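Peer 1: Take this structure first; my questions come after.
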Amino acid sequence: MGVFKTLSKVAAYGTVAGAGGWALYTRKSNFVPLSPSDYIYNTTFYARNNPERNPATADLCVRRVPLSQIKPEYLEKEGKLVEKFCAGVWGGLGECICFRQYLEKKYRDADTESQVWDTKALLESEYPVGTQITDHFEVLTKTPESIIVRCGDSPRKMEVRPSDGLFEMRAEIKQDEGVAEFQLKSVFYQGLGKATGKPMPAHIEFLHRQYTKLWMETAISNVTR
Numbered sequence: 001m002g003v004f005k006t007l008s009k010v011a012a013y014g015t016v017a018g019a020g021g022w023a024l025y026t027r028k029s030n031f032v033p034l035s036p037s038d039y040i041y042n043t044t045f046y047a048r049n050n051p052e053r054n055p056a057t058a059d060l061c062v063r064r065v066p067l068s069q070i071k072p073e074y075l076e077k078e079g080k081l082v083e084k085f086c087a088g089v090w091g092g093l094g095e096c097i098c099f100r101q102y103l104e105k106k107y108r109d110a111d112t113e114s115q116v117w118d119t120k121a122l123l124e125s126e127y128p129v130g131t132q133i134t135d136h137f138e139v140l141t142k143t144p145e146s147i148i149v150r151c152g153d154s155p156r157k158m159e160v161r162p163s164d165g166l167f168e169m170r171a172e173i174k175q176d177e178g179v180a181e182f183q184l185k186s187v188f189y190q191g192l193g194k195a196t197g198k199p200m201p202a203h204i205e206f207l208h209r210q211y212t213k214l215w216m217e218t219a220i221s222n223v224t225r
């Protein structure tokens, strides 16, 4: 699977940056347990695409930012903050380093040209339902606080897949606390056939979490002053 191969680039990035520098850079991003009763497990997408209810590799990364540090124009219109957070995930440096260049080289052609590929388009998109991103992600749902995409394979493969997943980007404005809370939630699973265990070995799960931290930091930089 391409995602496993490209996750190794995170390790290389971390080596270049240095363990201490990496820890400092990502220190404000925290992983918290994802409840087995989380709503993402109750979506029709999860039920339809994981018919055997195979075990999943799941994580939730959370980052809180004072509202005073958020670009004011992203707080004025409902839903704008999550759009720009999402744009920062796909159009930011983290995605470029870890994934987008690989996907573009391998999958961008006449059949996928209508999808969102270029940095400018990724940063400017409002990510409506149906948006297909770099032949690897498709927007399934969008609310004023949340955008959920399907991942794991090409969106052109609409059927149940051997490798599949859901990825949620969430941005919630908490006026009473004076912060915006950002979340990156991942649920990966084997959709086709009966699985005996989780889809990711421990070392790949570790790399995925480093990748998620990089995604979080570069996405936050897109919405802060």
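Each residue of the sequence shown is one higher than the one before, counting from 1 in this note's numbering.
Where is the CB? At the ideal position from N, CA and C, for every residue including glycine.
For clarity, every value in this text was computed on a predicted model and none was experimentally measured.
1. Measuring CB to CB, does VAL65 end up less than 9 angstroms from VAL179?
2. Is ARG64 helix, strand or coil by DSSP?
3. For VAL32, does the count of other Cβ atoms within 10 angstroms reach 16, so buried, or fall short, so exposed?
4. Any contact of the stretch 69-79 with the stretch 183-200, i.e. 3+ C-beta pairs under 8 angstroms?
5. Classify GLU138 as helix, strand or coil using the three-state DSSP reduction.
6. Among ASN54, TYR127 and ARG100, which residue has its Cα nearest to the Cα of HIS136?
7. From VAL116, ILE220, GLU205 and GLU168, pick the residue whose C-alpha is nearest to that of TYR41; which is it?
8. Can you name the residues that DSSP bridges to GLN179?
9. Would you report the Cα separation of GLU78 and ILE204, rounded to the nearest angstrom?
10. With distances taken between CB atoms, is the gap from GLY191 to PRO51 smaller than 9 angstroms?
11. Should TYR39 be labelled buried (16 or more other beta-carbon atoms within 10 Å of its own) or exposed?
12. Return the Cβ separation of VAL62 and GLN183 in integer angstroms, given the expectation that the two are a contact with Cβ distance under 8 angstroms.
13. Note down the Cα distance separating PRO155 from GLU126, rounded to an integer number of angstroms.
14. Given this structure, state the Cα-to-Cα distance separating GLU217 from GLY94, to the nearest angstrom.
15. Return the first residue and the last residue of the beta strand (DSSP E) that VAL149 is part of.
16. Cβ of ILE147 within 9 angstroms of Cβ of ARG170?
17. Secondary structure at VAL3, three-state DSSP: helix, strand or coil?
18. Determine, using beta carbons only, whether LEU122 and VAL116 come nearer to each other than 9 angstroms.
19. Can you give me the Cβ contacts of ILE173 inside the same chain, cut-off strictly under 6 angstroms, excluding the 5 residues immediately before and after it?
20. Give me the Cβ distance between LYS150 and PHE45, rounded to the nearest whole Å; I'm assuming they're in contact under 8 angstroms.
21. I believe LEU34 touches LYS185 by the beta-carbon criterion, under 8 angstroms. Please report the beta-carbon distance rounded to the nearest angstrom.
22. Can you give me the C-alpha to C-alpha distance between THR112 and ALA47, rounded to a whole angstrom?
23. Using three-state DSSP, classify THR224 as helix, strand or coil.
Peer 2: In this structure, then:
1. Counted from its first residue, the sequence shown places residue 65 at position 65. Counted from its first residue, the sequence shown places residue 179 at position 179. Against a cut-off of 9 angstroms, the Cβ pair of VAL179 and VAL65 comes out as a contact.
2. Along the sequence shown, one-based indexing puts residue 64 at 64. Looking at ARG64 - three-state DSSP - the assignment turns out to be strand.
3. Mapped onto the sequence shown, residue 32 falls at position 32. Label assigned to VAL32: exposed.
4. no
5. Indexing the sequence shown from 1 puts residue 138 at position 138. In this structure, GLU138 counts as strand in the three-state DSSP scheme.
6. Here residue 136 is taken as the residue at index 136 of the sequence shown, counted from 1. Of the listed residues, the one whose Cα sits closest to HIS136 is ARG100.
7. As a working note, residue 41 is residue 41 in the sequence shown. Checked all of VAL116, ILE220, GLU205 and GLU168; the closest Cα to TYR41 is GLU168.
8. For this step, residue 179 is matched to residue 179 along the sequence shown. A quick correction: the sequence has Val, not Gln, at residue 179. Looking at the DSSP assignment, VAL179 forms a beta bridge with PRO66 and LYS174.
9. As a working mapping, residue 78 is identified with position 78 in the sequence shown. As a working mapping, residue 204 is identified with position 204 in the sequence shown. Computed Cα separation, rounded: 36 angstroms.
10. Here residue 191 is taken as the residue at index 191 of the sequence shown, counted from 1. Here residue 51 is taken as the residue at index 51 of the sequence shown, counted from 1. A contact, by the Cβ cut-off of 9 angstroms.
11. To locate residue 39, count along the sequence shown from 1; it is residue 39. Its Cβ having fewer than 16 others within 10 Å, TYR39 is exposed.
12. Within the sequence shown, numbered from 1, the residue matching residue 62 stands at position 62. Within the sequence shown, numbered from 1, the residue matching residue 183 stands at position 183. Indeed, because the Cβ distance is near 5 angstroms, the residues count as touching under 8 angstroms.
13. Here residue 155 refers to the residue found at position 155 when the sequence shown is read from its first residue. Here residue 126 refers to the residue found at position 126 when the sequence shown is read from its first residue. Rounded to whole angstroms, PRO155 to GLU126 spans 18 angstroms at the Cα level.
14. For the purposes of this step, residue 217 is identified with residue 217 of the sequence shown, where counting begins at 1. For the purposes of this step, residue 94 is identified with residue 94 of the sequence shown, where counting begins at 1. About 8 angstroms.
15. The count along the sequence shown starts at 1 and reaches residue 149 at position 149. Where VAL149 is concerned, the enclosing beta strand (DSSP E) stretches over 146-151.
16. One-based indexing of the sequence shown puts residue 147 at position 147. One-based indexing of the sequence shown puts residue 170 at position 170. For ILE147 and ARG170, yes; Cβs fall inside 9 angstroms.
17. Taking the first residue of the sequence shown as 1, we reach residue 3 at position 3. Bear in mind that the predicted position of VAL3 carries a pLDDT of just 47, short of 50, making it unreliable; the figure below should be weighed with that in mind. Helix.
18. For the purposes of this step, residue 122 is identified with residue 122 of the sequence shown, where counting begins at 1. For the purposes of this step, residue 116 is identified with residue 116 of the sequence shown, where counting begins at 1. Cβ distance < 9 angstroms, so LEU122 and VAL116 count as in contact.
19. Here residue 173 refers to the residue found at position 173 of the sequence shown. Taken in chain order, the residues that qualify are ALA180.
20. Sequence index remark: in the sequence shown, residue 150 carries index 150 (1-based). Sequence index remark: in the sequence shown, residue 45 carries index 45 (1-based). A small correction: the amino acid at residue 150 is Arg; Lys does not occupy that position in the sequence shown. 7 angstroms between Cβ atoms; contact.
21. By 1-based counting over the sequence shown, the position of residue 34 is 34. By 1-based counting over the sequence shown, the position of residue 185 is 185. Going by Cβ atoms, the distance from LEU34 to LYS185 rounds to 7 angstroms, so yes, they are a contact pair.
22. In the sequence shown, counting from the first residue as 1, residue 112 sits at position 112. In the sequence shown, counting from the first residue as 1, residue 47 sits at position 47. For THR112 and ALA47, the distance between alpha carbons rounds to 27 angstroms.
23. Mapped onto the sequence shown, residue 224 falls at position 224. Three-state DSSP puts THR224 in a strand.
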